[in-house]
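Engineer: The letter at position 42 of the sequence shown is residue 41 when you use numbering that gives the first Met the number 0, and the numbering goes up by one with no holes. Ideal placement from N, C-alpha and C gives every residue a C-beta, glycine not left out. Keep in mind that this is a model prediction, so the values were computed, not measured.
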Amino acid sequence: MRNILNINSDWILSTEKTPDGKAVHKRILPLNKEDEYCYYLELLGAAPSMEVFVNQEKIGAHTGSYTLYRVDVTDQIVNGDNELDIVCDSEVPCLDASLIVVGKHHFSLDHFGDAGLTVIPQEISTSSASIRITAHAKTFRKMP
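#1: Comparing alpha-carbon positions, which option in K21, I27, G20 and K16 lies nearest N7?
#2: Within 10 Å of its beta-carbon, does L42 have 16 or more other beta-carbons around it, so buried, or fewer, so exposed?
#3: Which same chain residues end up closer than 7 angstroms to D9 when comparing Cβ atoms and leaving out the 5 residues on each side of it in sequence?
#4: Does DSSP classify N31 as helix, strand or coil?
#5: Could you check if N81 belongs to the surroundings of the ligand PLP, using beta carbon to heavy atom distance under 6 angstroms?
#6: When you compare each of I130, A45, S89 and T73 to D95 by their alpha carbons, which one comes out closest?
#7: Exposed or buried, what is L98 when buried is set at 16 or more other beta-carbons lying within 10 Å of its beta-carbon?
#8: So, helix, strand or coil for D150, using DSSP?
#9: Identify, in the order they occur along the chain, each residue of the same chain with its Cβ nearer than 6 angstroms to the Cβ of E122, setting aside the five sequence neighbours on each side.
#10: Apart from the five residues just before and just after V118, which ones in its own chain have a Cβ nearer than 6 angstroms to its Cβ?
#11: Taking only the alpha-carbon atoms, compute the straight-line gap between V53 and S64 and give it to the nearest angstrom.
#12: Considering Cα atoms alone, identify which of T66, L67 and C37 is closest to I76.
#13: Give the range of the beta strand (DSSP E) segment to which S48 is assigned.
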């Protein structure tokens, strides 16, 4: 099972800035959290420098040039309203934001920003090709 929830709407650019002048983008995300799933926040085209907070807890930071940023938020989200805050230099924190919901056993979404599968060509000719596929799996771990 894999479900991708588009969370691009309803972002609020706070009128307040952080002490160092950074913009604060807020989003309240109501969720019906279920224990048998894992939840990942995915930002495509993430701002070059930003910090991500879930329910006022810093869960990660991104440094790069408008690249993909994905982080496991399973342990930080709650059943009900969740506050997502992105603090960055930019008026636009990312180009596309999603919440990815996967089963507790899934291809790793933490593997270098890919989908947990690596396809490597072995032999290629004009009439055929052989490939090697490597799968990177992840098993849900319940926090004590």
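Structural biologist: By the coordinates alone:
#1: I27
#2: buried
#3: R26
#4: coil
#5: Questions concerning the ligand PLP fall outside what the structure shown contains, since it holds no ligand whatsoever.
#6: A45
#7: Buried.
#8: This structure leaves residue 150 out entirely; the chain is present only between 0 and 143.
#9: S129
#10: Around V118: I130 and I132.
#11: In a straight line, the C-alpha of V53 is about 23 angstroms away from that of S64.
#12: Of the candidates T66, L67 and C37, the one whose C-alpha sits nearest the C-alpha of I76 is C37.
#13: Residues S48 to V53.
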